[in-house]
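Numbering (full-length UniProt numbering), first residue to last: 1 to 638.
Cβ coordinates follow ideal geometry from the N, Cα and C atoms, glycine included.
Down below is the structure, laid out as structure tokens.
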């Protein structure tokens with residue numbers, strides 16, 4: 001069948017051009033990694049073919065021996081990386097190369113700082129391996145055909161990386177992909193086969209299929225070379241995870257991680273285990289240094305690679321690690337699963353459940369060791385993945401206590417919101433007689449730290465956890481105690497300080513409510529259905545008022561979070577607590593004008609809402625009341 005010529009020239013999206021320019025500038029000092037990235041992509045393509053061929057053997061097209069080849073053409077000045085893997089259709093080329101991982105591109109660019117080292121790390125997270133070819137090439141041509149399609153369905157993509165690319169339908173007899181780099185004049189060192197062999201040995205020795213180069217023949221001068229090229233394998237080609245741990249260097253582990261995770265940085269930590277018995281498998285798991293850009297994307301899959309007896313089965317298997325450990329990368333190679341296993345089968349497989357539980361315990365163990373022995377590294381881990389780990393107590397009841405021990409929080413005892421404290425550290429610093437772990441949730445660190453609810457705790461020197469991540473409300477609804485200590489919100493119910501409470505304070509409160517009962521009742525009548533009741537407070541020291549919800553009611557902060565994402569939240573009437581010793585309350589009690597009393601009471605209520613980060617239903621009315629009171633004060637002289 002003849003090929004119908006179909007060639008078009010298309011423009012890169014603006015973001016693609018920015019990324020290409022950045023790749024060339026930021027990664028130039030480590031330019032040999034381009035070969036690692038291209039070999040890694042070729043390896044992925046081969047593994048995907050092996051998986052799809054499990055259900056359709058015809059995809060091999062009579063050639064089941066998967067391999068990668070690296071070839072040079074010194075006369076043409078080109079370096080070619082070829083594979084006989086799954087290949088790409090014309091549409092797949094457009095989607096994966098022409099538009100560069102479109103989801104998250106803008107966010108990626110917004111995170112760039114201009115710092116070359118930091119930006120190169122960001123590039124690694126973003127996964128632009130193919131584009132690293134432009135570090136050494138001024139033009140790249142990609143020729144591919146997807147397995148199972150006819151030779152007439154080949155596609156050729158070409159670009160100099162400067163704003164546009166061409167896409168053309170071509171004839172390609174063999175499946176797979178050829179990436180042809182037209183090397184820059186000052187990059188011809190990469191035409192040296194020994195240089196390439198050294199790079200492959202350094203970065204791709206662990207790739208679990210052969211990487212081949214032409215065999216060099218050194219005969220007498222003028223001796224003819226063989227007509228048919230002979231190839232030899234230049235990498236070890238054995239699965240690194242199957243080797244004995246004692247034979248694997250730290251550098252090899254790091255290089256393998258960069259290959260499997262498509263990352264440019266070494267991992268923070270890793271765990272390598274071989275399990276034997278009724279359920280035999282090997283797990284090699286890594287904790288990255290930085291969070292991927294799509295970690296919070298609900299549509300994006302996360303997880304580790306699954307192999308069965310060294311045969312790649314599928315990528316991003318989320319059944320092998322819990323969702324709150326979705327940042328973990330690596331490989332699980334099982335001996336006792338069928339080769340035709342599907343994601344549906346994995347969801348109901350006891351052996352997978354056993355592997356998942358064991359993987360969870362290993363990762364938590366790695367994190368515990370890091371927190372204990374490498375606090376700086378753990379601090380870096382927490383900054384990147386802490387919010388994800390906070391999902392753990394709700395998802396994983398069996399490991400709730402271990403996860404809680406790994407959590408870190410800002411507290412009223414820490415010097416700043418960047419300083420993080422553990423629950424164990426909090427317990428060690430608890431006051432004599434203190435029975436509970438106190439916390440406050442708010443929508444920002446500043447709102448939590450400056451909340452009027454904390455005043456009595458500061459007065460008594462009692463530490464309070466300051467929680468301001470959205471996930472914190474989810475966390476504390478499931479983590480209700482730790483090491484027999486109840487977690488208690490300082491914004492809910494009657495304040496219960498246990499043995500820390502002063503009998504005199506409680507007696508003074510009761511006496512004040514009795515003496516000022518008419519004031520409290522008048523305020524309740526004025527505020528009407530906006531409040532459950534108005535009562536004297538033992539929480540407040542400096543502020544005039546604060547809002548409190550019932551012990552079992554939804555917190556005001558959680559209600560705001562739910563509403564912000566379009567969900568319904570039950571309407572809960574708060575209790576207004578007032579500081580009867582505050583001058584504003586004394587002034588209110590002395591007010592004889594009913595209208596001014598009502599305005600002052602409403603201002604106090606609105607201020608209490610604002611102090612905890614709430615939004616007023618009628619901000620204009622609040623401003624009007626405040627202006628009127630200020631004008632009256634100016635006219636009356638105080």
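In angstroms, rounded to a whole number, what distance separates the CA positions of residue i and residue j?
i           : j           : result
residue 76  : residue 188 : 11 Å
residue 137 : residue 74  : 14 Å
residue 21  : residue 435 : 59 Å
residue 422 : residue 409 : 7 Å
residue 587 : residue 581 : 10 Å
residue 147 : residue 302 : 26 Å
residue 615 : residue 528 : 19 Å
residue 102 : residue 534 : Residue placement at residue 102 is flagged as unreliable, the pLDDT there being 44, under the threshold of 50; a coordinate-derived value is accordingly withheld.
residue 124 : residue 248 : Here the model assigns residue 124 a pLDDT of 46, short of 50, so the residue's position is not dependable and the matter cannot be decided.
residue 427 : residue 460 : 16 Å
residue 274 : residue 171 : 46 Å
residue 603 : residue 555 : 22 Å
residue 3   : residue 167 : Model confidence at residue 3 stands at a pLDDT of 46, short of 50, so the residue's coordinates are unreliable and nothing is read from them.
residue 160 : residue 391 : 45 Å
residue 589 : residue 624 : 22 Å
residue 104 : residue 129 : Because residue 104 carries a pLDDT of 47, less than 50, the predicted location of this residue cannot be relied on, and the following value inherits that uncertainty. Distance between the alpha carbons of residue 104 and residue 129 is about 16 Å.
residue 513 : residue 607 : 22 Å
residue 430 : residue 44  : 53 Å
residue 473 : residue 488 : 12 Å
residue 536 : residue 620 : 29 Å
residue 509 : residue 538 : 7 Å
residue 361 : residue 478 : 20 Å
residue 12  : residue 384 : 32 Å
residue 262 : residue 37  : 8 Å
residue 356 : residue 420 : 29 Å
residue 227 : residue 313 : 38 Å
residue 515 : residue 486 : 35 Å
Pick out whichever of the options has its Cα sitting closest to the Cα of residue i.
i           : options               : result
residue 601 : 185, 538 and 531      : 531
residue 305 : 321, 603 and 295      : 321
residue 143 : 162, 97, 164 and 229  : 97
residue 524 : 575, 135, 311 and 603 : 575
residue 541 : 349, 184 and 451      : 451
residue 543 : 629, 521, 579 and 201 : 579
residue 158 : 381, 175 and 133      : 133
residue 193 : 216, 210 and 551      : 216
residue 341 : 33, 6, 30 and 53      : 53
residue 68  : 315, 83 and 57        : 83
residue 270 : 210, 359 and 199      : 359
residue 367 : 499, 288, 293 and 418 : 288
residue 72  : 40, 152 and 196       : 196
residue 627 : 599, 250, 493 and 499 : 599
Should residue i go down as buried or exposed, given a rule of 16 or more other Cβ atoms within 10 Å for buried?
i           : result
residue 319 : buried
residue 126 : Here residue 126 scores only 47 on pLDDT, less than 50, and its place in the model should not be relied on; the value that follows carries that caveat. Its Cβ being crowded by 16 or more others within 10 Å, residue 126 is buried.
residue 150 : exposed
residue 246 : exposed
residue 416 : exposed
residue 1   : For residue 1, the predicted structure reports a pLDDT of 40, less than 50, and the residue's modelled location is therefore unreliable. A value from the coordinates is still provided. Answer is exposed; the Cβ neighbour count stays below 16.
residue 155 : buried
residue 55  : exposed
residue 329 : buried
residue 456 : buried
residue 206 : buried
residue 65  : exposed
residue 370 : buried
residue 347 : exposed
residue 382 : buried
residue 522 : buried
residue 468 : buried
residue 47  : buried
Write down the C-beta distance between residue i and residue j rounded to the nearest angstrom, noting that I regard them as a contact closer than 8 Å.
i           : j           : result
residue 94  : residue 180 : Not confirmed; about 19 Å, so no contact.
residue 465 : residue 445 : Actually they are not in contact, since the Cβ atoms of residue 465 and residue 445 sit about 12 Å apart, beyond 8 Å.
residue 476 : residue 50  : About 46 Å; that fails the 8 Å criterion.
residue 234 : residue 252 : Contact flag wrong, Cβ pair sits at about 16 Å.
residue 257 : residue 286 : 5 Å
Quick check: does the Cβ of residue i come within less than 6 Å of any heavy atom belonging to the ligand SAM?
i           : result
residue 466 : As for the ligand SAM, it is missing from this structure, which has no ligand bound.
Contained beta strand (DSSP E) runs [length at least 3] in the segment 387-468, N- to C-terminal order: 436-441 and 464-467
Inside the segment 230-286 only - alpha helix (DSSP H) runs reaching at least 4 residues: 250-261
Every unbroken alpha helix (DSSP H) inside the segment 505-551 [4 residues or more]: 517-527
Beta strand (DSSP E) runs contained entirely in the UniProt domain "Histidine kinase/HSP90-like ATPase" (30-187), provided each spans 3 or more residues: 68-73, 78-83, 137-145, 154-159, 164-170 and 176-183
Length-filtered (4 minimum) alpha helix (DSSP H) runs lying within the segment 302-375: Correct list: 343-346 and 350-373.
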